[in-house]
Amino acid sequence: MPEARIVSKDFASIDPKDIETYLERDGFQALTKAQQEMTPEDVIAEVKRSGLKGRGGAGFLCGAKWELARKVPGKEKYFICNAGEGEVGTFKDRFILEKNPFALVEGIALGAYAVGAKTAYIYLRAEYHYLRPGLSEALQQVKENGFLEDLELKVYEGAGSYICGEESALMESLEGKRGEARYKPPFPPIRGLWEKPTIINNVETIINVPQIILHGGDWFNQIGTEHSKGTKLFSISGDVERPGVYELVLGSPLKELVFDLALAEKVKMVQVGGASGRIIPRDMMDIPLSFETVLGSGAVIVFNEERDILDILYRNMEFFAEESCGKCTPCREGLEVVMEILERLVQADGEGGDLEALERISQTMTASSLCGLGLTAPVSILDSLKYFRKDFENRIRQSMFLRKIGRNIGFEKNLQPAARTNAA
Amino acid sequence: MGNLGPTVSISKKDQTELLALLKEAQDKDRQISRDFLAGVAQSLNISSSDAFGVASFYSFLSVRPLGRYVIRICKSLPCYLQQAPLIIDVVKQELGIHPGQTTADSKFTLELANCIGACDQAPAMLVNHILYGNLTPEKIIRILRSCA
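Residue numbers (the working numbering), protein chains in the order written: chain H, 216 to 639; chain L, 56 to 203.
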């Protein structure tokens, strides 16, 4: 399947500093159409018809979520654009914020209109502070052109935290608290920000909405596969010639992205969906990219044949251990133990039983963690044990041999213990 | 404290300002002091320990003094695969400090960051809020020496 452009269609043709260039390209026609010809229920029906699913990683049906919030009684409701893009290897939302902030604002206005929110926020991660002036300037231009008269739209900046991309932690952060995940239910569309009905959508999800309203849900619904409608932005990085953001129709084969577009060679495996994503070994690269198969946030990290699976896993788990909010025990403690085992394996100091322990802890975390972080952190461990079990077993045999001959060599050089960089 | 204004109508929504207030204080004083935390907690009608809990939760907030330039080198996998460890070594050598430390003249603080979303320009880093990508040892020394 070819590259296609819905989300990125105006990336090259508009000037993100000049709203006129966006207005010349259908800009704000969807919002005008919705406000003049459609009820909020019509907008929701159109988005439902499109089959649009969330682009942040969880893949929940956008229209269904909006309908939930719409139907909850009460006047005070909130709409939040999640620009807390922190999943490892993901930078597509940065492209949207940089290249077409106007379409994002139009999508937010449409979403707020649909659910009945009078206040909306863009939750921008602190790492993207440098995008804020451009975003604020775009917002100002939209206001001056009279497109935000019924909506107060504010930019709220985070302070450095991966977990704040998780919706309940994001709301805690927006309320000025530690970004710790909440117990669910209740879900945000019922009780969210300040306990009011709240919709939280990813940047890329939102930027699809103006096109859906303009061209109709049926048009969008024809693109993609049975359960994956539309296109997706993929952020590809790692061992590739041409890293970057590519937009593909959902259902396109992974190998097309990795080999034809990003020009990777001698691939050992690919991780799709960031640190929390699936591991796809070389011989499974025909797999289509879709909600039915693998997708996540659309991050694709490529590893060549020289990479050590244990080293990669160790770094993945180090990331989660540092970013876990620490509220629930399976995630907080599980990651510490997993790190301890992987650190020994990387240093060729493994023991019999390590693999079984990794498996058991991973399963416990997957079954009992509070939020997406702890639930998905072990995915790459379980996948690696499935596809690269020999590498683990060899390392344990090496460890035993080295201990037997009383030598301690080699692998520790690879390991650069990272200092915890959190403030306290 | 002064700039927080009168504490007339405190609602629980006022706490939404906390992150911004902490960042403002940190930009000014290069750290979030205990005195500031106590004052801001009082004005928002939350406990000092809650305020400290927030200040110590986020990686961009610091209750310890920072240098004028905070260097955050990304160590996540996409940067790691593109030689981030080499970049980290070069910066350690050039500045004579380890991650988590600040130079004696309070000019630089070195930190290691998790994914900063610049994987297409790996290896990458933030110096305060400016993004530098496609780093090489030569380039990074140039950048550090240009910090006034």
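By construction, the Cβ of each residue, glycine as well, lies at the ideal position given by its N, Cα and C atoms.
- One thing to note: A479 (chain H) has its Cβ within 9 Å of the Cβ of V517 (chain H).
- S265 (chain H) and I421 (chain H) do not touch by the CB rule: their CB atoms are close to 13 Å apart, not below 8 Å.
- Leaving aside the five residues that flank P593 (chain H) on each side, the residues in its chain whose CB is nearer than 6 Å to its CB run, in chain order, S577, M580 and T581.
- With its beta carbon less than 9 Å from one in chain H, E72 (chain L) belongs to the interface.
- At least one CB of chain L lies nearer than 9 Å to the CB of Y345 (chain H).
- Using a Cβ distance threshold of 9 Å, V146 (chain L) and I171 (chain L) do not count as a contacting pair.
- Secondary structure of S201 (chain L) (DSSP, three-state): coil.
- In the three-state scheme derived from DSSP, where H, G and I count as helix and E and B as strand, Y113 (chain L) is classed as coil.
- Contacts with chain H (Cβ-Cβ distance below 7 Å) from the segment 181-192 of chain L involve L181, H184, I185 and L186, listed in chain order.
- One finds nothing in chain L with a Cβ atom closer than 7 Å to the Cβ of D233 (chain H); even the nearest lies about 23 Å away.
- For N531 (chain H), the chain L residues whose Cβ falls inside 8 Å of its Cβ are L132, in order along the chain.
- Counting only runs of 4 or more residues that sit fully inside the segment 401-486 of chain H, the alpha helix (DSSP H) segments are 418-430 and 432-436, in chain order.
- Following the DSSP letters along the chain, one finds C277 (chain H) in no beta strand (DSSP E) but inside the alpha helix (DSSP H) bounded by residues C277 to K286.
- Per DSSP, Y237 (chain H) is not a residue of any beta strand (DSSP E); the alpha helix (DSSP H) it occupies stretches across I234 to L238.
- Taking the CA atoms as reference points, K481 (chain H) sits about 6 Å from N519 (chain H).
- DSSP places V262 (chain H) in the uninterrupted alpha helix (DSSP H) bounded by P255 to S265.
- Residue environment: F243 (chain H) is assigned as buried (16 or more neighbouring CB atoms within 10 Å of its CB, all protein chains considered).
- According to the DSSP secondary-structure assignment, L165 (chain L) is paired through a beta bridge with L:I126.
- Inclusion of T446 (chain H) and L463 (chain H) in the CB contact set at 9 Å is warranted, their separation being smaller than that value.
- Scanning its chain for C-beta atoms nearer than 6 Å, with the 5 sequence neighbours on each side dropped, one finds around V553 (chain H) the residues M532 and I576, in chain order.
- Beta-bridge annotation (DSSP): T157 (chain L) is paired with L:T164.
- For G589 (chain H), no Cβ of chain L is located within less than 9 Å of the residue's own Cβ.
- Restricting attention to H:S512, H:A396 and H:E548, the CA atom closest to the CA of C586 (chain H) is found in H:A396.
- Counting only Cβ-Cβ distances below 7 Å, L389 (chain H) has contacts in chain L at T71, in chain order.
- Per DSSP, reduced to three states, the secondary structure at I494 (chain H) is strand.
- Taking all protein chains shown into account, S104 (chain L) has fewer than 16 neighbouring C-beta atoms within 10 Å of its C-beta and is therefore exposed.
- According to DSSP, residue pairing for E372 (chain H) in a beta bridge involves H:L339.
- Nearest to D82 (chain L) by alpha-carbon distance, out of L:R123, L:F163, L:A179 and L:D160, is L:R123.
- Contact between the segment 68-82 of chain L and the segment 95-102 of chain L is present: 3 or more CB-CB pairs across the two stretches fall below 8 Å.
- For A179 (chain L), the CB contacts under 7 Å within the same chain, skipping 5 residues up- and downstream, are C129, C134, I171, A173, L186, Y187, G188 and L190 in chain order.
- Going by DSSP, N297 (chain H) is part of no alpha helix (DSSP H) but of the beta strand (DSSP E) stretching over Y293 to A298.
- L186 (chain L) carries a strand assignment under DSSP once its states are collapsed to helix, strand and coil.
- Within the same chain, and ignoring the five residues on either side of E166 (chain L) in sequence, the residues whose Cβ sits closer than 8 Å to its Cβ are S114, V125, I126, R127, I128, P154 and G155.
- For A177 (chain L), there is no enclosing beta strand (DSSP E), as DSSP marks it with neither H nor E.
- If one requires a minimum length of 4 residues, the alpha helix (DSSP H) runs lying completely within the segment 482-564 of chain H are 524-538 and 544-561, in chain order.
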